[in-house]
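A short write-up of the structure that comes next.
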Amino acid sequence: MTNAAYTIGLIGNPNCGKTTLFNALTGNRQRVGNWPGVTVERKTGEFRLDDNKVELVDLPGTYGLHGDGDADSLDEQVAQQYIQQNQADCIINVIDASSIERGLFLTSQLRALKVPLIIVLNMVDVAQSKGIKVSASELEAILECPVIEVIASRNQGLQELKTGLSSVLQQDKGSTESAYEPLQIDDIVGHFSEVDTIAAKVKSLLHEPRRTLSERIDDIILNRFLSIPIFLLIMYLLFMFSINMGTAFQDFFDIIGGTIFVEVPRFLLSEIGSPDWLTAFIAEGVGGGIQLVLTFVPVIGAMFLALSFLEDVGYMARAAFIVDRLMRSLGLPGKSFVPLIVGFGCNVPSIMASRSLTRESDRLITSLMAPFMSCGARLTVYTLFVAAFFSSNGQNIVFALYIIGILVAIFTAWIIRQFVMPAAASTFVMELPPYLMPTGRNLFMHTWTRLKGFVKRAGKAIVAVVIILNVIGSIGVDGTIGAANRADSLLAALARTITPLFAPFGIHADNWPATVGIITGTFAKEVVVGTMNALYTTPAPSNTSLDILGNIKAAFLSIPANVSDVLHNFANPLGMHVRSTADAVSSLSAEGVTSTTISQMQLFFSGSAGAFAYMLFVLLYVPCVATIGAMYKEHGAFWMSFSVLWSLTLAYTLATVSYQALTFAAHPASSMSWIAGMVALQIGVTLFVISMGRRQVNKTGLIPIQQLD
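In this note's numbering, the protein residues as written are 734 to 1442.
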């Protein structure tokens, strides 16, 4: 071998342990992106083989190479084009030893392409537990390529695999014989016949087949009467863990991020006499943006950790199967329900989780539904208003908002599927993998890879918008520069100008801080609370001293205190009690909200009707900038704009209709006019977005596939 870098492709069926092997070989030396022209995830990593650096490409999990070019086989197209174009020096084909017949179908196709091949028999321990023995030596003789037995979850057999790779890479790479043609029925029968013949020669049973532990567990998990309650319980636990455990560490990241990226730069710039505009730009803008990104890390990290556990243990496949009938009524597969559940924690990973769907139209519709799932950030806003206006029935108001969000998401999916992308639900054929206890290392690797992708994708957009809004919010109308969210800032002046637009749902001219909250809420919904608290109360004199050690101590002390609260609130998945004013005020203390803020809100808002309409608007209007950024990255500028226009119109319409309906007795004629006008507006916008959506689908074919060269 020469001292040159090699490229190796890793391919196999879903649930064969391919990703576990990828993590075992590459460790934390991984990169995640997209394949050119499509939104299928491209994961690459590096490892050392003798004295050479080797790039390992984790190809999408696939059962075969069909090459039919339609959207249902997008993953197969990516995998096939990569292999057919001879981009790898060698291909590692991972096969589940407990289900060798299924894996050998792909192997037979790879052999037909004459690619340099090495077979990995993974999960041999699972096969042995089922009484299955596969002879690696006989399989190697038949396939005429190296066959290595591996237990990737325990890092067993990796050295033997590297030795086999060295042997294969020493040989000439060669090239594929011919372009791979779509399989005809006779070809498929021929491949399966070959697979059956090979399996009969290399597979033997150590004992009579008996029911496995996974099958016995599925008797309960997939029971006709128990499956839905168990599913709801597991989703409840997912929701509870992600929000509560994530927020338990949120103060730590917030304090540390604020100290390092905001307070320290502000102090240093002040010491050297930096102009106020530069201080505002660097400390409040850049530093504040980084701080905001860091506050997302624990919640999203907890969500990814919980999802990775459920995926690795084997439950997510069951969850998709359980809700498949419900989702098919919307023309979506059952798997699309899982990203929507993620949206209750944060809409950003919800959109990113839609990548697990095979068909691009399913991914897009699920992503368009995701922003209407009420995320944890919106919950802080609800709690503030519950404290001020709904002290006796706050939990009912919050529950109603969650239900409204779900109904709007369903309505959105119905509109898109019926009038923009009409299609039957995609076929839903998938295996149920055996239950396996994931290792801590694999859980960490899965979580870290996803979390790093979020920070890279959404972080840039968040920082940019925070810079813009903080700078505008710190510049006064007289040109002076001061603290952010000042009452005489350009942002406040803009808010005063546009506040009359929100009068139909109860925001009067003197309540311009509510408009500022709407504006700042576009880059993070929880910022609505901080904005209102800053504008409704008289700011305290700023403290220019810097106590780094004190802040670090406070950050670490926040962890046990918050974890203790989580344990005490285990029965409350929202992490906040909203049954009384006292409870709500207590839950808002972390946001620095005072009783003065609540009393001012009661003074300026138009009673409970105006408060509910405002919460409804916050629930439905423009997604936060992180969600918008994720939408842009996944689906492009058009569908991002489509989502923004659709959500903004729905928010304005429903907020106005709800306020006018709740105050109908006070001004029936005016309310009737507004309600009729809003219904007409929504119908017009709906027809417009349907027309534009159809035009975009017809123009692009929805999936802009490019050649992967």
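Cβ atoms here follow ideal geometry from the backbone N, Cα and C, with glycine treated the same way.
All figures in this text were calculated on a predicted structure; none of them were measured in a lab.
Compute the Euclidean distance between the alpha carbons of residue i and residue j, then round it to the nearest angstrom.
i     : j     : result
S1391 : A1346 : 6 angstroms
M1178 : I1098 : 29 angstroms
A1228 : G1018 : 20 angstroms
S1376 : M1348 : 19 angstroms
A1344 : G1254 : 16 angstroms
S1291 : V1046 : 32 angstroms
S1207 : T1419 : 38 angstroms
G990  : G979  : 16 angstroms
P1306 : A1039 : Note on P1306: pLDDT 49, under 50, position unreliable in the model; the coordinate value appears next. Near 14 angstroms, if we compare the C-alpha coordinates of A1039 and P1306.
L1352 : I1331 : 20 angstroms
G1067 : A812  : 24 angstroms
T732  : P747  : Because residue 732 is not part of the residues shown, which for the chain are 734 to 1442, the question remains open.
A1133 : T1113 : 15 angstroms
D822  : V787  : 10 angstroms
G745  : L1043 : 21 angstroms
M1170 : A1110 : 32 angstroms
L798  : Q892  : 29 angstroms
T772  : L955  : Any reading at T772 must be qualified, since the residue scores a pLDDT of 46, below 50, and its modelled position is unreliable; no value is offered.
I828  : I741  : 16 angstroms
T1012 : P998  : 8 angstroms
A1273 : Y1385 : With a pLDDT of 45 at A1273, under the threshold of 50, the predicted position of this residue should be treated as unreliable, and no value is reported.
S832  : R944  : 15 angstroms
G1308 : C878  : The predicted model places G1308 with a pLDDT of 44, which falls under 50 and marks its position as unreliable, so this point remains unresolved.
G1362 : T1172 : 33 angstroms
Y725  : M1106 : This structure cannot speak to residue 725, because the chain is shown only from 734 to 1442.
F1122 : Q1333 : 12 angstroms
M1411 : S1069 : 31 angstroms
A738  : Q818  : 18 angstroms
I1423 : D1095 : 17 angstroms
G864  : T930  : 20 angstroms
Give the range of the beta strand (DSSP E) segment to which residue i is assigned.
i     : result
K786  : 785 to 791
S832  : First-last for S832: undefined, no H or E at that position.
G794  : Note, G794: premise wrong, no beta strand (DSSP E); not H, not E.
V1075 : Where V1075 is concerned, there is no enclosing beta strand (DSSP E), although the alpha helix (DSSP H) it sits in stretches over 1070 to 1075.
T1253 : Unbroken run through T1253 is the alpha helix (DSSP H), 1245 to 1253; no beta strand (DSSP E).
I865  : 865 to 867
G745  : 739 to 745
Specify, as a first and last residue, the run of the alpha helix (DSSP H) that residue i falls within.
i     : result
D951  : 946 to 954
N1080 : 1080 to 1086
T1396 : Element bounds for T1396: n/a, residue is neither H nor E.
S899  : 891 to 902
S1003 : 997 to 1004
V848  : It is not in any alpha helix (DSSP H) - V848 carries neither H nor E in the DSSP assignment.
S862  : 857 to 862
K751  : 751 to 759
L1101 : 1093 to 1102
I1214 : Careful: I1214 lies outside any alpha helix (DSSP H) and carries neither H nor E.
I989  : 983 to 991
For residue i, which of the options has the nearest alpha-carbon?
i     : options                    : result
C749  : R781, N855, V787           : N855
G1186 : M1265, S1341, F1029        : F1029
L876  : L837, G890, T896           : L837
A1103 : C823, V1056, M1085         : M1085
L1184 : S1100, S1069, P1031        : P1031
V1056 : I1033, F964, G1006         : F964
L1027 : Y1115, N1244, K1193, V859  : K1193
Q1429 : S1380, L1383, Y1385, S1374 : S1374
N1431 : V1153, V859, L1279         : V1153
S1339 : N819, A1247, P1401, M1364  : A1247
A1156 : A1146, A1394, E1164        : A1146
L754  : I881, L1268, I1361         : I881
Q903  : S1007, M973, L782, S926    : L782
A1413 : A1398, S1424, L1387, F1397 : L1387
T1116 : E1259, L1001, M1425        : E1259
Under the assumption that residue i contacts residue j (Cβ atoms under 8 angstroms), give the Cβ distance between them as a whole number of angstroms.
i     : j     : result
I1130 : V1119 : 6 angstroms
T1232 : A1225 : At roughly 10 angstroms, the Cβ-Cβ gap does not stay under 8 angstroms, so T1232 and A1225 are not in contact.
P1082 : M1036 : 6 angstroms
I851  : T840  : 11 angstroms between Cβ atoms; not a contact.
L946  : I953  : Rounded, the Cβ-Cβ distance is 12 angstroms, inconsistent with contact.
F780  : L792  : Contact flag wrong, Cβ pair sits at about 16 angstroms.
T1264 : S1041 : Actually they are not in contact, since the Cβ atoms of T1264 and S1041 sit about 35 angstroms apart, beyond 8 angstroms.
G1212 : D1221 : Wrong, their Cβ atoms sit about 11 angstroms apart, outside the cutoff.
Chain B beta carbons: is any one of them nearer than 8 angstroms to that of residue i?
i    : result
E788 : Among the chains of the structure shown, chain B does not appear; only one protein chain is present.
Complete runs of the alpha helix (DSSP H) confined to the stretch 1335 to 1401 [at least 4 residues]: 1340 to 1353, 1358 to 1395
Starting from the N-terminal side, write out each stretch of the beta strand (DSSP E) that is 3 residues or longer and does not extend beyond the stretch 1011 to 1057. none
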